[in-house]
Every structure is written in structure tokens, then in C-alpha cells.
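Data block below; observations after.
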Amino acid sequence: MRIKNIFILILFALFISACSVNQIEKNIVVEVKKKVVLEREAISDELLSDINHILFLLKQKDLETLNSRFINPPYGLYEVLKDNQNNKFIFNKKLQIDEISDEIDSFEIKKEEVIFNCSPYDDKYYGWNKEGVFISTNIQPYLSNIMKEANLLKINTYSEEEIKIANNIEKTSYEVVIPYNIVFYITKIDKQWYITLVDKVKTDCTN
């Protein structure tokens, strides 16, 4: 009888162990499903068409249509700039673009990066190194860095939702540069492309 009881106890222990392993595996699967993998879509005809639409609206100085079509109301947009007094990057959260320029030299969209040169010694080297309109994955972690530093120093506190939005912008957007006009990030939200960030740091030559 003792041997039989021991055998039953061993079987019971093995059963409990197997159940625990199965539960752990199920929990791992659930956790993986909870984590949304943020990926940048490939450049499509739809995206290029929307950028062309933005170029047209800028050329026409149609600020009303630009804001109504290309600014997502719940998201709004971020305007990133340099606080020269403290030598730090800061951002403003806005619901619209307040002003636009119609200065557009070209409607040719090039899939490459462009550089803005700050040259205090010779004006001929100052400015953009290429002509055209440029789209690239040159996305800077402005937002997440600002939020992390603020939360760490407890200057401001940003919620998980705000950090989630920042991560979404940084992981899935494209940078669009229209030289001597505007630099912005364009992000797909709810199956449409929107302007989510205006970069005023890239052309700031102050130290």
C-alpha cells in the first residue's frame, strides 16, 4: 500500500508540475501578444501622394486644409526646438500648425537624407547641401529623451500614454525635409498619414 501511495503522490506531483509549465507558457504567449511591435511601413505611392498634397497646400498657403487633413486631432503635433538659455531641447504640444511658407523650389521627392550646414565663417557653405524634397528614416528620439529626462529629474511627469505616442512617432515615422521651409515627421495613424512633429532643431545653429 505504501508503494502504491508513493506512486500516486509522484503522479500527482508530475501532474501539478506539468500544469504549472503549461500555465507559464500560456502567460508568456499572452505577454507577447500584449506587446505591440512598432514597425515603419515601406514608402508607398499613398505616402508620396500625401506628401505631394502637403507640398501643394504649402504652395497655396492653404493653412486651413493642411490642418484639417494632416493634423490628427487626438494626437495633435509636437514642435521641437532648442532652449538656448538652458542649451536643451524642449517641445510644445499643439493642435495645429500656426503658420506656413510657400517657398518650395522643387516638387521632386527624393528618398535620401539631406544635411543643413551651420558655417559661421563662410556664408557660401551655410544652408542645405541639396535641392529637392527629401524623405528618409532619419528620425531623432527627441520626444522620448525629453520625457525620460523630465521623469527622471521629476521636472514634469509624462504618462505611459504620452510615452507610447512618442515611441510610436519615433518607430514608425518618416522625416520629410523641404529646404528653407519646414522639416516634419509624417506618421500613419488609423490608416492615414499625418504630420506629428515639426523639427526646429535641425536648422538651429546657435550653440
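Each residue of the sequence shown is one higher than the one before, counting from 68 in this note's numbering. Glycine included, each C-beta is placed from N, C-alpha and C at the ideal position.
Checklist entry - At what residues does the beta strand (DSSP E) containing T254 begin and finish? => result Here residue 254 is taken as the residue at index 187 of the sequence shown, counted from 1. Annotation: the continuous beta strand (DSSP E) that includes T254 extends over 249-256.
Next on the checklist: How far does the alpha helix (DSSP H) with N212 in it extend, from its first residue to its last?
Outcome noted: The residue labelled residue 212 in the question sits at position 145 within the sequence shown. 209-220 is the extent of the alpha helix (DSSP H) around N212.
Next on the checklist: I'd like the span of the alpha helix (DSSP H) that includes I118, first residue to last.
Outcome noted: What you label residue 118 is simply residue 51 of the sequence shown in a count that begins at 1. Start and end: 112-126.
Item to check | DSSP beta-bridge partners of K160 | outcome: Within the sequence shown, residue 160 is the residue found at index 93, counting from 1. In DSSP, K160 forms a bridge with Y145.
Item to check | Boundaries (first-last residue) of the beta strand (DSSP E) holding T132 | outcome: In the sequence shown, residue 132 corresponds to position 65, counting from 1. Membership of T132 in any beta strand (DSSP E) is not indicated; the residue belongs instead to the alpha helix (DSSP H) covering 130-137.
Checklist entry - Are E237 and P208 touching if we call contact CB-CB under 8 Å? => result As a position in the sequence shown, residue 237 is number 170, starting the count at 1. As a position in the sequence shown, residue 208 is number 141, starting the count at 1. By the CB criterion at 8 Å, E237 and P208 fall inside the cutoff.
Checklist entry - Should the segment 198-217 be called in touch with the segment 147-159, which here means at least 3 C-beta pairs below 8 Å? => result Flag = yes, the segment 198-217 and the segment 147-159 touch.
Checklist entry - Could you give the residue range of the alpha helix (DSSP H) that holds T239? => result Translated into the one-based positions of the sequence shown, residue 239 becomes position 172. Where T239 is concerned, the enclosing alpha helix (DSSP H) stretches over 227-239.
Checklist entry - Can you give the Cα-Cα distance for A233 and G143, rounded to whole angstroms? => result The count along the sequence shown starts at 1 and reaches residue 233 at position 166. The count along the sequence shown starts at 1 and reaches residue 143 at position 76. Their Cα atoms are separated by approximately 12 Å.
Next on the checklist: I'd like to know whether the C-beta of T132 is nearer than 8 Å to at least one C-beta of chain D.
Outcome noted: No chain D appears in this structure, which consists of one protein chain only.
Item to check | Cβ-heavy atom distance, L115 to the ligand GTP, below 7 Å | outcome: No copy of the ligand GTP appears in this structure; indeed no ligand is present at all.
Checklist entry - Are I164 and L122 closer than 8 Å when you measure CB to CB? => result Looking up residue 164 in the sequence shown gives position 97. Looking up residue 122 in the sequence shown gives position 55. Cβ distance not < 8 Å, so I164 and L122 don't count as in contact.
Checklist entry - For K161, which residues from the same chain have a beta carbon less than 8 Å from its beta carbon, with the 5 sequence-adjacent residues on both sides left out? => result For the purposes of this step, residue 161 is taken as the residue at position 94 of the sequence shown. Within the same chain, G143, L144, Y145, E146 come within 8 Å of K161 by CB-CB distance, once the 5 residues on both sides are set aside.
Next on the checklist: Which of the three DSSP states is assigned to Y193 in this structure?
Outcome noted: For the purposes of this step, residue 193 is taken as residue 126 along the sequence shown, with counting starting at 1. DSSP places Y193 in coil when its eight states are reduced to three.
Checklist entry - Going by the beta-carbon positions, is the gap between I118 and I176 smaller than 8 Å? => result By 1-based counting over the sequence shown, the position of residue 118 is 51. By 1-based counting over the sequence shown, the position of residue 176 is 109. It is a contact, given that the beta carbons lie within the stated cut-off.
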